Structures are given as C-alpha cells and as structure tokens.
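Scroll down for the structure; my scribbles are underneath it.
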Amino acid sequence: MRNGKEQKTSDTTGRSLECRLRRLADVEPPETLKARLVQAIPERADESHRVLPHLRWYPQAWDFGVTAAAAVVIIGLMLMVNYGLSVPSQAQLLEDTALAYPRWDQNFFSPDQNNTGGEKFWPREHSWPMTNQSEMGY
Amino acid sequence: MRRREERQTIRQLRQGRRDAYEAIICRHYAAIYRFLAYLTYDSGLAEELTQETFAAAWAGVDSYRGRASLGTWLHRIAYRKFIDAKRGLERDAHLKDRLKEHAREALDADASNPLHRLAADEECRLVQEAMLKLESSEYLVVLLHYIEGLSFREMTGILDEPVGTVKWRTSRALKRLRQYLTGGVKR
Chain A
396 MRNGKEQKTS DTTGRSLECR LRRLADVEPP ETLKARLVQA IPERADESHR VLPHLRWYPQ
456 AWDFGVTAAA AVVIIGLMLM VNYGLSVPSQ AQLLEDTALA YPRWDQNFFS PDQNNTGGEK
516 FWPREHSWPM TNQSEMGY
Chain B
1355 MRRREERQTI RQLRQGRRDA YEAIICRHYA AIYRFLAYLT YDSGLAEELT QETFAAAWAG
1415 VDSYRGRASL GTWLHRIAYR KFIDAKRGLE RDAHLKDRLK EHAREALDAD ASNPLHRLAA
1475 DEECRLVQEA MLKLESSEYL VVLLHYIEGL SFREMTGILD EPVGTVKWRT SRALKRLRQY
1535 LTGGVKR
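Protein chains in written order, with this note's numbering: chain A, 396 to 533; chain B, 1355 to 1541.
Right, here's the structure in full:
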C-alpha cells in the first residue's frame, strides 16, 4: 500500500502538481445554498435609490459645497491680511508722494537742456558721473 | 465577467434591481463557498459564512469603488468573515490549534466535510493532506491561486501584500508541497 502511494507521488512534477491542485476546485456547493442566498436578497429600505437615484448624491454635493466655501473664505482672509485694507496715514502719504519725484540734481543734464545737437550730452569738463575721463574712453 | 459588465451590474445593484443581485449570486456563490469550505473544512460553517459574506456585500455595495473585480472583492469579504469566525472560535473555546486537526478529521468523515467527494479520489486526497501540512499563509496562497484561480494581482487585493511577496510565497508553497508529496519532508 505504502509502496503504491510512494509510486503515485514520486512522479510529481511541477506541472502535474499544478494540474492536480486545479482539480481540487471541483467542489459543488449545497443545492439549497443558492436558494437561500436569493431569498436573503434585501428589499432596499431606501426606495429613494430606485425612485430618485440622484438624491443619493445630495449629501456629497452638500459636503463639497461647504468645503469649497470654507476654502474661499480662508483664502480671502489670507489675502486681506497680506495685502491689506489698511488706511495709510497722512505722513506716509506725503512721504510716498515725495518719493514719486526725483530729487533735483544740479549735475544732471538732459540732451534737451544741453542743446548740443548730435553731440554727446556728457559734459567733458564735468566730473559727474565719472571722475576720471580716461575711464570713459574719450 | 468583463469589467464593463461588472460596472453595469454594480450600477443596477445600487439602483436596487433584483436581477443584478441574482446575477452576482449565480456567478460567484460557488467560488465563495468553495473558498470558505477549504478554509473551514466544515460545510455548515462554510454555508453560514457564505451567507454572511453576501449579506455584508449587499450592505457595503455603496463603498465598492470598482478598483478590484467583484470576485476579488467578495473573496476579500469572505476572508475577513473567516478571520472573524476563527478569532471567535479561538476566543471562545481556545481552538487555535484544533482547526487543522479538525480539517484532517474532516477528510475522513464525509458527513460534515464539504470536500468529501474529492477526498474519495486517492490522488486528490493526497494533495489535500499535503496542503494541510503547509503553513497557513502558504495554504492560503495555494488555495487562492490554484484552486480559486485568482491572479497574483488579484491576490494582493485580498492579502494586502505586494505582488512580489505573494509570488515568492506561492512558489515556496508549491516547492514545499512537492517535497511533501514526494516524501522529501516529513512533518
């Protein structure tokens, strides 16, 4: 008996073993099981799923809307804090206005003021903006 | 069942259509029962857990996202049901070590054994006995891959393990099974 058993199992190669394992799938369920499962199918308590299927999306849509609104409010607050709705003081306004115009510089020559036609408007005699004329390449 | 058909079935299921429920039962109940029968070696418990599996599936159908196939999803629920039942047995009667013993006994007794028809075949019986010598994790991968016919990727959805680990475990289980069958290892 034992020899026969060993003989039967000794030729077990990989392929044959897999085939033998697949043969084990031949299991039949009890006949009554299917009927019992079908009998246990639930009657959907929430008939709205059948009648108004779109109603089931309302809670999700509500959640999404609330989340989006909260995000917008938070971002708005952050922008208000950073870029502000603050009212500038009078002194600050004056200072800002003064900074908007360049200070008078007596060494500044514009081409129109110089009235030199096509010549360079840099005054040769003048030391500004460069003190050494050789550095200017004249 | 193709994925498109499955998606359509799920849509119908969510609409409460009875024919969709019945279609899913017809397609999957035998596989789920077989899976649980091999896990429990008890026809009564396997039937009970199969019913619980489908009840849980109906209750959780809205949470099904469709990432895994329906079969994989149902197997996953069935496996969770088995784990819960096993935990309950261990807690109540300290039967942790007796499950395999019960399975071996069930191979001999044909009254409560759902696999008795296979056990009558000498060759199948040898393989079943060899499977019972495997570690539980190895037994599970052999059951899922060779008997249930799930792919390695589908198995990852049930076992929560990477594909590589599942492949390696299956290969090791098969090697060990071959050793048991050829008498290389006694346990």
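Positions of the beta carbon are idealized from the N, C-alpha and C atoms, including for glycine.
Since the structure is predicted, the reported quantities are computational estimates derived from the model, not experimental observations.
Coarse secondary structure for residue 1369 of chain B, derived from DSSP in three states: Assignment of residue 1369 of chain B by DSSP, reduced to helix, strand and coil, places it in the coil class.
In whole angstroms, what is the alpha-carbon distance linking residue 428 of chain A and residue 1524 of chain B? 31 Å
Kindly indicate if chain B contains any beta-carbon less than 8 Å away from that of residue 420 of chain A. It does; some Cβ of chain B falls within 8 Å.
In chain A, which residues lie with their C-beta within 7 Å of the C-beta of residue 1372 of chain B? Per Cβ cutoff of 7 Å: 436.
Using C-beta distances below 6 Å, list every residue in its chain close to residue 1521 of chain B, excluding the 5 sequence neighbours before and after it, in chain order. 1506
Would you please verify whether the beta carbon of residue 1478 of chain B is less than 8 Å from any beta carbon of chain A? yes
Of all the CB atoms in chain B, is at least one closer than 8 Å to the CB of residue 433 of chain A? yes
Interface flag, residue 415 of chain A vs chain B, CB-CB below 8 Å: Yes, residue 415 of chain A counts as interfacial toward chain B.
Does the Cβ of residue 1525 of chain B lie closer than 7 Å to at least one heavy atom of the ligand NAP? Ligands are entirely absent from the displayed structure, and the ligand NAP is therefore not among its contents.
As assigned by DSSP and simplified to three states, the class of residue 479 of chain A: Coil, per DSSP.
Since residue 428 of chain A meets chain B, which of its residues come closer than 7 Å, beta carbon to beta carbon? 1383, 1387, 1401 and 1404
Please state whether DSSP places residue 1529 of chain B in a helix, a strand or coil. helix
Just tell me which of B:1518, B:1532, B:1362 and B:1497 has its CA closest to the CA of residue 1423 of chain B. B:1362
Cross-chain neighbours of residue 1512 of chain B in chain A, by beta carbon under 7 Å: Near residue 1512 of chain B there are no residues of chain A at all, since even the closest Cβ is about 17 Å away, more than 7 Å.
Straight-line Cα distance separating residue 478 of chain A from residue 464 of chain A: 21 Å
Considering only the beta carbon of each residue, do residue 1484 of chain B and residue 1528 of chain B sit closer than 8 Å? no
Contacts that residue 1492 of chain B makes with chain A (C-beta to C-beta distance below 7 Å): Residues of chain A whose Cβ lies closer than 7 Å to the Cβ of residue 1492 of chain B do not exist, since the nearest Cβ in that chain is about 12 Å away.
Collapsed DSSP secondary structure at residue 1434 of chain B in the structure displayed: helix
Whole angstroms are fine: how far does the CA of residue 1488 of chain B sit from the CA of residue 443 of chain A? Any answer about residue 443 of chain A is weak, because its pLDDT of 46 lies below 50 and its placement is not dependable; what the coordinates show is given next. Spanning the two alpha carbons is a distance of roughly 50 Å.
Quick one: Cα of residue 1526 of chain B to Cα of residue 1492 of chain B, how far? 8 Å
For residue 1406 of chain B, collect the residues of the same chain with a Cβ closer than 8 Å to its Cβ; drop the 5 residues on either side in sequence, then sort them by chain order. Closer than 8 Å at the Cβ level, and outside the excluded window around residue 1406 of chain B, lie 1435.
Chain-ordered chain A contacts of residue 1505 of chain B [CB-CB under 9 Å]: Around residue 1505 of chain B, no beta-carbon contact reaches into chain A at under 9 Å, the shortest distance being about 14 Å.
Can you find a CB in chain A that lies within less than 8 Å of the CB of residue 1427 of chain B? no
Is the separation between the beta-carbon of residue 1501 of chain B and that of residue 420 of chain A shorter than 8 Å? Yes, the Cβ-Cβ distance between residue 1501 of chain B and residue 420 of chain A is below 8 Å.
Am I right that residue 1372 of chain B and residue 436 of chain A are in contact with their C-beta atoms under 8 Å? What's the rounded C-beta distance? 6 Å
Determine the direct distance from the alpha carbon of residue 1411 of chain B to that of residue 441 of chain A, and round the result to whole angstroms. Confidence at residue 441 of chain A is low in this model, with a pLDDT of 47, below 50, so its placement is unreliable and no value can be given for it.
Helix, strand or coil for residue 405 of chain A? Go by DSSP, reduced to three states. Summary for residue 405 of chain A: the model assigns pLDDT 48, below 50, so the residue's position carries little reliability, and this model does not support an answer.
Report back the beta-carbon spacing between residue 1364 of chain B and residue 1426 of chain B to the nearest angstrom; my notes put them in contact at under 8 Å. The C-beta distance from residue 1364 of chain B to residue 1426 of chain B rounds to 13 Å, too long to meet the 8 Å contact threshold.
Measuring only between beta-carbons, confirm whether residue 472 of chain A sits less than 8 Å from chain B. no
Have a look at residue 1387 of chain B and residue 1394 of chain B and give me their C-alpha separation to the nearest angstrom. Approximately 10 Å between the Cα atoms of the pair.
Check whether the Cβ of residue 1418 of chain B lies closer than 8 Å to any Cβ atom in chain A. no
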